[in-house]
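Report on the following structure.
Residue numbers (the UniProt record's numbering): 1 to 262.
Next comes the structure, spelled out in structure tokens:
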């Protein structure tokens with residue numbers, strides 16, 4: 001019931017946003033954000049019920065993305081109250097609906113019966129870091145689209161509804177900074193609170209997480225010292241995101257769905 005309600009609310013919000021963009025109308029943000037807020041609230045309930053079962057916590061390959069997108073939508077929703085980020089929902093809402101639908105698929109991941117406070121802290125920081133950097137990657141894609149349209153002098157349509165290019169770049173680096181800080185804390189708590197990395201198949205996750213951290217660190221260094229922007233910022237942002245996704249979803253894909261190891 002919760003999943004179905006979330007899908008309906010998200011699709012209604014997405015249709016409302018798409019209709020406004022196609023008709024080149026000023027988006028009625030209050031109405032849009034109310035729909036998304038309702039959908040996100042129900043989404044959290046659906047995601048938590050999917051993960052927290054009677055047997056324990058179920059962090060499977062198909063389960064976790066739904067929680068990720070619930071957190072992402074909440075972050076973007078709150079940020080939209082002071083930053084022009086609502087256009088990101090054009091990507092986020094269809095992806096969120098997809099994550100909800102696939103979360104019903106049973107997978108081979110083990111059920112964890114007990115989680116310590118330290119592990120819960122690490123999981124929360126990881127989810128927040130992944131969510132923030134996912135938002136940054138979507139912002140980078142939107143910035144790439146805006147750059148392309150400006151180079152080809154296509155200034156009408158959706159372009160007229162986007163913030164200025166400088167504002168979009170500033171938002172991108174704010175998101176990357178926030179994500180990098182959270183990722184730093186996630187890696188530190190992972191090393192401190194997780195034991196037996198090899199036995200739990202976590203060593204490769206750590207390698208890719210650190211690789212992602214280094215890519216984002218280089219991006220921020222390049223921005224500060226060399227003034228990186230535009231295409232360079234977009235490439236480095238998406239490169240860091242690719243490494244981060246390999247850290248979690250790549251390893252779970254191989255271990256759970258190919259090797260059937262949990």
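Even for Gly, the Cβ is constructed at its ideal location relative to N, Cα and C.
Q) Does the beta-carbon of residue 52 have 16 or more other beta-carbons within 10 angstroms, so that it is buried, or is it exposed? A) To locate residue 52, count along the chain shown from 1; it is residue 52. With fewer than 16 Cβ atoms within 10 Å of its Cβ, residue 52 is classed as exposed.
(Q) So, does the region 113-129 touch the region 175-194, judging by three or more C-beta pairs under 8 Å? (A) yes
Q) Taking just the CA atoms, how far does residue 100 sit from residue 63? A) Within the chain shown, residue 63 is the residue found at index 63, counting from 1. Within the chain shown, residue 100 is the residue found at index 100, counting from 1. When rounded, the distance between both Cα atoms is 8 Å.
Q | Same chain only: Cβ atoms within 8 Å of residue 18, ignoring 5 sequence neighbours per side | A | Residue mapping note: residue 18 aligns to position 18 of the chain shown, counting from 1. Hits under 8 Å: 90.
Q. Going along the chain, which residues of its own chain have a beta-carbon closer than 7 Å to the beta-carbon of residue 39, five neighbours each way excluded?
A. Here residue 39 corresponds to residue number 39 of the chain shown, with the count starting at 1. So the list reads 6, 9, 10, 13, once near-sequence residues are dropped.
Q.
So, with DSSP's three-state summary, where would you put residue 58?
A. Position 58 of the chain shown, counted from the start, is the residue given in the question as residue 58. Residue state, collapsed to three classes: strand.
**Q.** Validate contact between the region 160-180 and the region 204-211 using beta carbons, cut 8 Å, 3 pairs
**A.** no
**Q.** Beta-carbon proximity check, residue 47 vs residue 70, cutoff 7 Å
**A.** Your numbering for residue 47 matches position 47 in the chain shown. Your numbering for residue 70 matches position 70 in the chain shown. Result yes, Cβ atoms of residue 47 and residue 70 sit closer than 7 Å.
**Q.** Burial state of residue 28 (16 or more Cβ within 10 Å)
**A.** To locate residue 28, count along the chain shown from 1; it is residue 28. So residue 28 counts as exposed.
Q.
Can you check which of these residues, 20, 22, 15, 242, is closest to residue 133 by C-alpha distance?
A. Numbered from 1 along the chain shown, position 133 holds the residue referred to as residue 133. Residue 242 is the option with its Cα nearest to residue 133.
Q | residue 140 versus 2, 237, 15, 245, residue with shortest Cα-Cα distance | A | For the purposes of this step, residue 140 is identified with residue 140 of the chain shown, where counting begins at 1. Cα-wise, what sits closest to residue 140 is 237.
Q. In whole angstroms, what is the alpha-carbon distance linking residue 93 and residue 68?
A. The count along the chain shown starts at 1 and reaches residue 93 at position 93. The count along the chain shown starts at 1 and reaches residue 68 at position 68. Looking at the two C-alpha atoms, the distance is approximately 13 Å.
**Q.** DSSP state of residue 63 mapped onto helix, strand, coil
**A.** For this step, residue 63 is matched to residue 63 along the chain shown. Three-state result, residue 63: coil.
Q. Could you give the residue range of the alpha helix (DSSP H) that holds residue 30?
A. To locate residue 30, count along the chain shown from 1; it is residue 30. That run of the alpha helix (DSSP H) goes 29-51.
Q | Spatially closest choice to residue 182 from 245, 144, 128, 219, by CA coordinates | A | Residue mapping note: residue 182 aligns to position 182 of the chain shown, counting from 1. If we check each option's Cα against that of residue 182, 128 comes out closest.
Q | Beta-carbon proximity of residue 131 to residue 187, cut-off 7 Å | A | Reading the chain shown from its first residue, position 131 is the one you call residue 131. Reading the chain shown from its first residue, position 187 is the one you call residue 187. No.
Q. Taking the alpha-carbon positions, what's the residue 223 to residue 229 distance?
A. The residue given as residue 223 occupies position 223 in the chain shown. The residue given as residue 229 occupies position 229 in the chain shown. Roughly 7 Å separates the two Cα atoms.
(Q) As a quick exercise: from 217, 149, 226, pick the residue whose alpha carbon is nearest that of residue 175. (A) Position 175 of the chain shown, counted from the start, is the residue given in the question as residue 175. It is 217 whose Cα lies nearest to the Cα of residue 175.
Q) Taking the C-alpha atoms as reference points, what is the distance between residue 65 and residue 98? A) Residue 65 sits at position 65 when you count from the first residue of the chain shown. Residue 98 sits at position 98 when you count from the first residue of the chain shown. If I take the Cα positions, the gap works out to 9 Å.
**Q.** First through last residue of the alpha helix (DSSP H) which encompasses residue 1
**A.** By one-based count along the chain shown, residue 1 stands at place 1. It is not in any alpha helix (DSSP H) - residue 1 carries neither H nor E in the DSSP assignment.
Q | Whole-Å CB distance - residue 189 paired with residue 122, under 8 Å assumed | A | To locate residue 189, count along the chain shown from 1; it is residue 189. To locate residue 122, count along the chain shown from 1; it is residue 122. The pair is a contact, with the Cβ atoms about 4 Å apart (cut-off 8 Å).
Q.
Suppose the cutoff is 8 Å on Cβ atoms and the five residues either side in sequence are ignored; what does the same chain contact list for residue 76 look like?
A. Here residue 76 refers to the residue found at position 76 of the chain shown. So the qualifying residues of the chain are 85, 86, 88, 89, 92, 135.
Q) The alpha helix (DSSP H) spanning residue 147 covers which residue range? A) By 1-based counting over the chain shown, the position of residue 147 is 147. 117-151 is the span of the alpha helix (DSSP H), which, as asked, contains residue 147.
Q. Relative to the C-alpha of residue 31, which residue among 81, 248, 215, 151 is closest?
A. On the chain shown, residue 31 is found 31 positions in, with the first residue counted as 1. Nearest C-alpha to residue 31: 81.
(Q) Less than 7 Å between the C-beta atoms of residue 2 and residue 36, yes or no? (A) Here the question's residue 2 lines up with position 2 in the chain shown. Here the question's residue 36 lines up with position 36 in the chain shown. For residue 2 and residue 36, no; Cβs fall outside 7 Å.
(Q) Just to confirm my understanding: we take residue 146, look at its own chain, exclude 5 residues before and 5 after, and list those with CB closer than 8 Å. What are they? (A) On the chain shown, residue 146 is found 146 positions in, with the first residue counted as 1. Cβ neighbours of residue 146 beyond the five flanking positions: 159, 162, 165, 168.
Q. Sorted by chain position, which residues of the same chain lie with C-beta nearer than 7 Å to residue 83's C-beta, five sequence neighbours on each side aside?
A. Working through the chain shown from its first residue, we reach residue 83 at position 83. Hits under 7 Å: 171.
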